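Participant: Keeping their order, the protein sequence lines are chains C and R.
All letters in the first sequence, in the order written, are residues 14 to 346 by the working numbering.
All letters in the second sequence, in the order written, are residues 66 to 390 by the working numbering.
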Amino acid sequence: MTDAPHPRHIPDRLDKPLSSAVFSWEALLVIIAVLIFAVNSFASPYFLDPWSLSDLTFNFTEKGLIALAMALLIISGEIDLSVAAIVALASTMMGMAVQVGAGTPVLVAIGIVVGLACGAFNGLLVTRLGLPSIVVTIGTMSLFRGIAFIILGDQAYKGYPESFAFFGQGYVWWVFSFELALFLVAALIYWFVLHGTSFGRRVFAIGNNPVACQFSGVRVGRIKFILFCLTGLMSGIASVLITSRLGSTRPSIAQGYELEAITMVVLGGISILGGAGSILGVVLAAFIMGLVTFGLGLLNVPGIEMSIFIGLLLIIVIALPIVWRRLREGRFA
Amino acid sequence: MKNFLKYRETWLLAGIAVLIGLISTRFPGFADPANLRQVFNDTSILMILALGQMVVILTRSIDLSMASNLCFTGMVVAMLNAAHPAIPIPLLIVIALLVGLVLGAINGFLVWRLNIPSIVVTLGTLTIYRGATFVVSGGAWVNADQMSPDFINFQRAAFLGLPVLSWIALLVIALFFLAMTRTQIGRSIHAIGVNPTASVYAGIDVGRTKFIVFCISGMIGGLAGYLWISRYVIASVEVANGYELNIIAACVIGGISIAGGIGSVGGAVLGALFLGIISNALPVINISPFWQMAISGSAIILAVVLNARGERRQGRIILRKAEAA
């Protein structure tokens, strides 16, 4: 090594040429979103109505809220498959509280606290006992929804107070629903936490190399625990919204949301192997999934057929850059 | 004897014996050989599926699309049978295996050639295959009265005291046992899970082996598709919805490490039997079936906690040792 009189200047971030922004994942998502938007507006005359567009957002806000926290968790190299079950359990607990006459503030508090507690339970199992999160959360997924089934069986809770309906059905201003506003605010907060704080840098670092992080003095276990709590918290909030929107609770509520939330995260360019991704990508992916679902709905495509498009979109968007790179390097297959 | 106790399967077997004993205190007829045969038959499909999933998990991959594959193949076979009742059942089973093989090969190709993580690929094909079921069926069901009597009764026919379904399960178990312990591909599958880098240096084609395991899990999904439809005599888009997680749960309870490399045919079979016994026992001991989900969830968590103690490899966490010193 040459002797350096001054410590080397290490920039906070590398200078990026403009081309990297143009060819970024987010740019690809924006192009796809614009394409789908354009196709939808041509295909259905009802699409461009402000109220249609407002309805569209309900397709993704609840799952999107969960996906924001899930993004951080996946970047750190973990996963939570129990989110939909947490929604069901939190909703069931709120339903029980309604039966004994709880008011709206109490209901919201219950939803959030139950979510947080479930997340903490996952976090404890993963970080304290060192268990693989995918298996732990498959277990807690059955456990949480199972408890909801034990309590409710084939019954349903109804009779939520009228003021409770605001969260899932209310509008903040004109066509902007409370759900959409909450999603956008949450996205901003998560964007700042992930890309603007040292906590966010640590999340990325853990995803890239947890062992090196441990040696560097990063409290890997604690940060992962916090991320599990956050995911539980967001599931609790989503539970409040869904319960308020539907006005009733069945144990099968939010079935399959975990896979949709994970699809959003992966579509958003978050590496499922951890260590890479951005919140902007997740927000764009949430919009794209909302656009696809709603646009096809307007064209009377049944929900189950829509899932083909979502699945294809997921695989194609992931495969496209890989195929493109190989074609350029001329060594495909 | 000491060596014997080291095996996870021994403990699992003991756990199952205790479980059967506990159930017998509430319902004496449960441990009856005739009843146990019934439980085995009821669990056959889950056991077959768990074996298919096992080979995938051993290579550090996962196949979330098995239940959707089952649903799609089941629908195709049922529609074929409804339209052409003359097609003999063995040929239908071959068709089911082939359809499943194609679906599995699609997963395998994407994992092998494009290097997309298997969880992403199969998350996508999970929705695609189930959606495709809707497309081929037009959303319609195939009911019992549309299926030929042969189609329904083939697996119920008794042969040497056991239904054909049980024999199929036993045959699949035997094949997997031989393949995993006596063939090169079985060793390769294990090796890749233990150390993929070392496997490359040992001359194993990691990508191609992963392709093969997805083909295997696909064929198993297809076979289970026919068995499932002819057992529950209804083919619809909703068949086995969410069942992929039950299959993985059976593997986890059976001691197959999700991190790859650890697991055995016996473990997968016993893990499936464990879940099968619980679901069979709850109605007879008067516990509401609504408890089943929570019980299997607790069983999974307990199994992971117990497995993790055996799996902790030495020398991996250097830091903790340094702290202790």
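A virtual CB, placed ideally from N, CA and C, is assigned to each residue, including glycine.
On a predicted model such as this, the values are computed, not experimentally measured, just so you know.
(1) What are the start and end residues of each continuous alpha helix (DSSP H) run of 4 or more residues lying completely inside the region 242–267 of chain R, in chain order?
(2) Can you tell which of Gly324/C, Leu246/C, Leu325/C has the C-alpha that lies nearest to the C-alpha of Ala103/C?
(3) Quick check on this structure: which residue in Leu61/C, Arg158/C, Ala80/C has the alpha carbon closest to the alpha carbon of Met106/C?
(4) Which residue comes first and which comes last in the beta strand (DSSP E) that contains Val185/C?
(5) Return the residues of the region 184–216 of chain R that lie within a Cβ-Cβ distance of less than 9 angstroms from chain C, sorted by chain order.
(6) Measuring only between beta-carbons, confirm whether Gly362/R sits less than 8 angstroms from chain C.
(7) Can you pull the chain C residues whose beta carbon is under 9 angstroms from the beta carbon of Val302/R, in chain order?
(8) Considering only the alpha carbon of each residue, which of Val302/R, Arg195/R, Thr124/R, Ala256/R lies closest to Trp206/R?
(9) Quick one: residues in its chain with C-beta nearer than 8 angstroms to the C-beta of Val201/R, no 5 flanking neighbours on either side, listed in chain order?
(10) Would the region 276–290 of chain C and the region 176–186 of chain R be scored as touching if the rule is three or more Cβ pairs under 8 angstroms?
(11) Specify, as a first and last residue, the run of the alpha helix (DSSP H) that Asp68/C falls within.
(12) Give the straight-line distance between the Cα atoms of Gly108/C and Phe71/C, rounded to the nearest whole angstrom.
(13) For a cutoff of 8 angstroms on Cβ pairs, would you count Pro182/R as touching chain C?
(14) If the criterion is Cβ atoms closer than 8 angstroms, does the pair Gly349/C and Thr190/R meet it?
(15) What is the DSSP secondary structure of Pro223/C, counted as helix, strand or coil?
(16) Listed in chain order, which residues of the region 345–361 of chain R have Cβ atoms closer than 8 angstroms to some Cβ of chain D?
(17) What are the complete beta strand (DSSP E) segments, minimum 3 residues, inside the region 102–174 of chain C?
(18) Less than 8 angstroms between the CB atoms is what I'm expecting for Gly116/C and Tyr173/C, so what's the real figure, rounded?
(19) Of the residues that make up the region 300–325 of chain R, which ones have a beta carbon closer than 7 angstroms to any beta carbon in chain C?
(20) Does the count of Cβ pairs from the region 311–319 of chain R and the region 340–354 of chain R closer than 8 angstroms reach three?
(21) Decide if the region 124–132 of chain R is in contact with the region 347–357 of chain R; the criterion is three or more beta carbon pairs, one per stretch, under 8 angstroms apart.
(22) Quick check on Phe55/C: buried or exposed, where buried means 16 or more other Cβ atoms within 10 Å of its Cβ?
(23) Tell me, to the nearest whole angstrom, how far the beta carbon of Ile236/C is from that of Ile219/C; I am working on the premise that it is less than 8 angstroms.
(24) Could you check the C-alpha separation between Tyr308/R and Phe228/C for me, to the nearest Å?
(25) Determine, using beta carbons only, whether Ile342/R comes closer than 8 angstroms to chain C.
(26) So which residues of chain R does Val149/C contact, with C-beta pairs closer than 7 angstroms?
(27) Using three-state DSSP, classify Glu388/R as helix, strand or coil.
(28) Pull out every residue of the region 284–308 of chain C whose Cβ sits closer than 7 angstroms to any Cβ of chain R, in chain order.
(29) Could you tell me the alpha carbon to alpha carbon distance between Ile85/R and Gly290/R, rounded to whole angstroms?
(30) Compare the C-alpha of Gly136/C against each of Val96/C, Gly310/C, Phe180/C, Leu309/C and name the closest.
(31) Using a beta-carbon distance below 8 angstroms, is Leu179/R in contact with chain C?
(32) Could I get the ranges of all uninterrupted alpha helix (DSSP H) runs contained in the region 199–256 of chain C, with 4 residues as the minimum, in chain order?
(33) Just to confirm my understanding: we take Pro264/C, look at its own chain, exclude 5 residues before and 5 after, and list those with CB closer than 8 angstroms. What are they?
(34) Can you name the residues of chain C whose CB is closer than 7 angstroms to the CB of Ala373/R?
(35) Counting beta carbon pairs with one atom in the region 99–117 of chain R and one in the region 232–244 of chain R, are three or more of them shorter than 8 angstroms?
(36) For Ser248/C, I'd like the list of residues in its chain whose CB is within less than 6 angstroms of its CB, leaving aside the five on either flank, ordered along the chain.
Facilitator: To lay it out plainly:
(1) 249–259, 261–266
(2) Leu246/C
(3) Arg158/C
(4) 184–186
(5) Ile184, Val185, Val186, Leu188, Gly189, Thr190, Leu191, Thr192, Ile193, Tyr194, Arg195, Gly196, Ala197, Thr198, Phe199, Val200, Gly204
(6) yes
(7) Ile317
(8) Val302/R
(9) Phe137, Met140, Val141, Met144
(10) yes
(11) 63–70
(12) 22 angstroms
(13) yes
(14) Outside the shown range of chain C (14 to 346) lies residue 349/C, about which nothing can therefore be said.
(15) helix
(16) This model lacks chain D altogether; the protein chains it does include are C and R.
(17) none
(18) Rounded, the Cβ-Cβ distance is 11 angstroms, inconsistent with contact.
(19) Val302, Leu310, Ile313, Ala314, Val317, Ile323, Ala324
(20) yes
(21) no
(22) exposed
(23) 6 angstroms
(24) 41 angstroms
(25) no
(26) Ile366, Val369
(27) Residue placement at Glu388/R is poorly supported in this model, since its pLDDT is 46, which falls under 50; the coordinates still yield a value, given next. Here Glu388/R sits in helix by DSSP.
(28) Ile285, Leu286
(29) 29 angstroms
(30) Val96/C
(31) yes
(32) 211–221, 223–228
(33) Ala101, Thr105, Arg158, Ala161, Phe162, Ile164, Leu165, Gly166
(34) Leu142, Gly143, Leu144
(35) yes
(36) Ile79, Val96, Ile99, Val100, Gly128
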